[in-house]
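Structure first, then comments.
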Amino acid sequence: MTGEPRHVPLRRCVGCGKQRPQAELIRLAALPSDGIVVDRERRFGGRGAYLCSGANCVKRALARGSIPRALRQPGSGTAWAERILDAGT
Ligand SMILES: [Zn+2]
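Here the sequence shown stands for residues 2 to 90, numbered as in the numbering used here.
The structure is reproduced here in structure tokens:
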């Protein structure tokens, strides 16, 4: 018997739009000083956006500009995406 799993918080990936357990997603946060950063340790509070770790979702989010929109950080560049893609290879 496995029973009901404990309640797992779900978040929506801004790349593919699928909901996944928060722990499987990469969190991105918007910092006043640094713009969009990868919040792997979930240290930063405030507004967050979530992405699957796969390059496809990262690229899709990049192409659509979903992250700056979700974080209300227009024009903050793509360093965050490079950081994810570099780490994922
Ligand atoms: Zn995704």
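All residues carry an ideal CB built from backbone N, CA and C; glycine is no exception. Keep in mind it's a predicted model, so treat the numbers as computed, not measured.
Item, Value
"Using DSSP with H/G/I as helix, E/B as strand and the rest coil, what is residue 17?", "coil"
"Please state the DSSP three-state secondary structure of residue 73.", "coil"
"What's the C-alpha gap between residue 44 and residue 79?", "21 Å"
"Would DSSP call residue 59 helix, strand or coil?", "helix"
"Assuming residue 27 and residue 68 are in contact, meaning their beta carbons sit under 8 Å apart, how far apart are those beta carbons, in whole angstroms?", "Not a contact, Cβ separation roughly 11 Å."
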